[in-house]
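Straight run, no breaks: the sequence shown in my numbering ends on number 364.
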Amino acid sequence: MSRKAPPIVLSAPERATLDTWRHGRRLPHRQVIRAQIVTLAADGMDSQDIAKALGVSRPTVQLWRQRFLALRIAGLEKDAPRPGRKPRLSTEKIKAVVEATLHSTPANATHWSTRSMARAQGLSEASVRRIWRQHNLKPHLIETFKLSRDQRFVEKLQDVVGLYLNPPDKALVLCVDEKSQIQALDRTQPLLPLRPGIPARQTHDYKRNGTTTLFAALSMLDGRVIGDCMPRHRHQEFIRFLKRIDAETPQEVDLHLIVDNYGTHKHPRVTAWIQRHPRFHLHFTPTSCSWLNLVERWFREITDKRIRRGTFRNVRALIAAIQQYLDNHNQNPQVFVWSASVERILGKIAKCKEVSDALH
């Protein structure tokens, strides 16, 4: 005696959905067939008759009847997850590659490459590349870091970050620094221009035509930059730049200047000038923490976009290019926003120290 398949009873919304699928021309064919199987089963047709009518096997009909009874409409939309083929590499082998990458180096190099690791582990390069990608390992990359040894590190960090995240009322926060020894470099031969399929090309050798120093003050309020090029960066030039800041900012607001620990900024004559101008307040970043001064971020912009690939026959041409970039930037300034809190920075430094102590 043959077993009878469990009956299927459709609700009105389910019937409407399946009718739409049955006649859908843009739906996958497998989804249309599944809708037809369930609809015919709900109409009382046997599985064997449904299989003949739709040109499919009886086990296929039974499969989708059971799937619908278990999951309803959602069970017809996607296939059940499949185990896939068995992995070719064992867990032990993958672990060996990861351990070797993290805790060893090849005899003739400072870091592993896919080729050297493949030879050492008896694998293909593709397998090593896949394992590294899965575990986010990049032996070819290295990043630099430096931990500040400033005894007042936390105090200075809180002071500077506080200016970024909670600036004082009726005051202007300026990030001030010098980009010194900018060279006016001229290539020995003319630049070959960009062409389809060929990048722009320039000679590797160059002529040095002098240097200049760019003094810059980045406003945290609107992103505008007060800049000036000078031949040197002594305390005399710094005082001259402070006078320019004084002339180009509203007289009724206090000025909080974030500067580094360069000796020029702490010269006795600079200190005396600051005392004679009480609206100026200097805030020093911790030593070895140039990343804490946002004007460095703007220096990177002008270096990448105007200086590094530039060709300058003399210092005047270099200064003119810098001034042009300043004018264009201030017409549509970009505001640099500081988002890292003191707690977040100290947490990262604590982790770095922990790793450093563990290695020693």
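Heads up, the beta-carbon is just placed ideally off N, CA and C, and yes, glycines get one too.
(message) Once the 5 residues before and after Pro235 are set aside, which same chain residues still bring their CB inside 6 angstroms of it?
(response) none
(message) Using only the alpha-carbon positions, how far apart do Ala321 and Thr216 sit?
(response) 11 angstroms
(request) Could you spell out the range, first to last residue, of the beta strand (DSSP E) harbouring His286? (result) First, the residue type needs correcting, since residue 286 is Leu and not His in the sequence shown. Per DSSP, Leu286 belongs to the beta strand (DSSP E) from Phe284 to Phe288.
(message) One question on the structure: do Ile243 and Trp295 come within less than 8 angstroms of each other, judged by their Cβ atoms?
(response) no
(request) Could you please give the first and the last residue of the uninterrupted beta strand (DSSP E) stretch that includes Arg212? (result) Tyr210 to Ser223
(request) Over the uninterrupted alpha helix (DSSP H) stretch that includes Glu182, give me the two end residues. (result) Run containing Glu182: none in the alpha helix (DSSP H); it sits in the beta strand (DSSP E), Ala175 to Arg191.
(request) Count the other C-beta atoms from every protein chain shown that fall within 10 angstroms of the C-beta of Glu182, then say buried if there are 16 or more, exposed otherwise. (result) buried
(message) Tell me the residue span of the alpha helix (DSSP H) that contains His107.
(response) Thr95 to His107
(message) At the level of alpha carbons, what is the spacing between Pro32 and Gly59?
(response) 17 angstroms
(request) Note down, one range per segment and in chain order, each alpha helix (DSSP H) of at least 4 residues found wholly within the segment 103 to 151. (result) 118 to 125 and 129 to 138
(request) Indicate the three-state DSSP secondary structure (helix, strand or coil) for Cys356 in the structure shown. (result) helix
(request) Quick one: using the 10 Å Cβ neighbour count with 16 as the cut-off for buried, is Leu167 buried or exposed? (result) buried
(message) Given a cut-off of 8 angstroms on the beta-carbon distance, is the pair Arg119 and Glu103 in contact?
(response) no
(request) Mind reading off the beta-carbon distance from Leu259 to Phe284? Whole number of angstroms is fine, and I expect it under 8 angstroms. (result) 5 angstroms
(message) Need the endpoints of the alpha helix (DSSP H) that Leu44 sits in, please.
(response) His33 to Ala46
(request) Identify whether Leu296 lies in helix, strand or coil by the three-state DSSP scheme. (result) helix
(message) Quick test of the definition: if touching needs 3 or more C-beta pairs under 8 angstroms, does the segment 126 to 141 touch the segment 264 to 277?
(response) no
(message) Using only the alpha-carbon positions, how far apart do Trp302 and Thr21 sit?
(response) 58 angstroms
(request) Confirm, please, whether the CB-CB distance from Leu246 to Leu176 is below 8 angstroms. (result) no
(message) Less than 8 angstroms between the beta carbons of Gln193 and Arg212, yes or no?
(response) no
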